[in-house]
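Residue numbers (this note's numbering): 19 to 233.
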């Protein structure tokens, strides 16, 4: 009797292990299918957005020239014509100042939404340049130039009250000149890094041209 009971127990244990392995296999397959469904849902959402974008009607880009009254505005379209238009109720009319870029409905020419300020792609691409972790302590042999540069650039921005107090108008910019390899770009990167501002990387030219006029 004991031998038969042991065999039954062993058989039941083997069946349990086999069923447990099958359960884990099915769980793994179910998890894989769920991940596949998520990927398909993501692709479906992207395709649906693309279809909506193709089916949607475009809008006209314009610029607010003047507000006539509480409901009407004079807007100049990007193609040239000027229109007297209304405004969508959801748009904050108090923010529609002169020069504000807006999107107009193709049919009714109603102001549908405000647009961000137009940015020159050339300047935008230059602003993506990272100045890096450059500090003045790592620049040697240019102590006098560093002092003058910080007085002209950093001081007016960090302590403008000093200039107002003595009645001095701070300079608008600085021109760094000299042979290649004398530290001009390194100084500019150090200033941008210390002020936590963008470093505009322009095309190097022999004379003051488009790069200089961006300042």
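Even glycine gets a Cβ: it sits at the ideal position worked out from N, Cα and C. Note that the structure is predicted; figures quoted are calculated from it, not measured.
Three-state secondary structure (DSSP) of residue i
i, result
"residue 87", "coil"
"residue 80", "strand"
"residue 164", "helix"
"residue 186", "coil"
"residue 173", "helix"
"residue 55", "helix"
"residue 42", "helix"
"residue 25", "helix"
"residue 35", "helix"
"residue 113", "helix"
"residue 198", "coil"
"residue 209", "helix"
"residue 73", "helix"
"residue 193", "coil"
"residue 158", "coil"
"residue 97", "coil"
"residue 68", "helix"
Pair within 9 Å by beta-carbon distance, residue i and residue j
i, j, result
"residue 152", "residue 208", "yes"
"residue 79", "residue 96", "yes"
"residue 157", "residue 205", "yes"
"residue 189", "residue 178", "no"
"residue 100", "residue 83", "yes"
"residue 91", "residue 102", "yes"
"residue 213", "residue 172", "yes"
"residue 81", "residue 120", "yes"
Whole-angstrom C-beta distance between residue j and residue i, which should lie under 8 Å
i, j, result
"residue 128", "residue 104", "5 Å"
"residue 132", "residue 113", "6 Å"
"residue 123", "residue 77", "6 Å"
Beta-ladder partner(s) of residue i, from DSSP
i, result
"residue 129", "105, 122"
"residue 92", "84, 102"
Member of the options whose CA lies at the smallest distance from the CA of residue i
i, options, result
"residue 164", "53, 177, 201, 178", "201"
"residue 118", "93, 108, 98", "93"
"residue 174", "192, 197, 66, 198", "192"
"residue 211", "161, 168, 159", "168"
"residue 176", "50, 215, 161", "215"
"residue 116", "135, 63, 29, 33", "135"
beta-carbon residue i near the ligand NAD non-hydrogen atom, thresh 8 Å
i, result
"residue 198", "The ligand NAD is not part of the structure shown, which contains no ligands of any sort."
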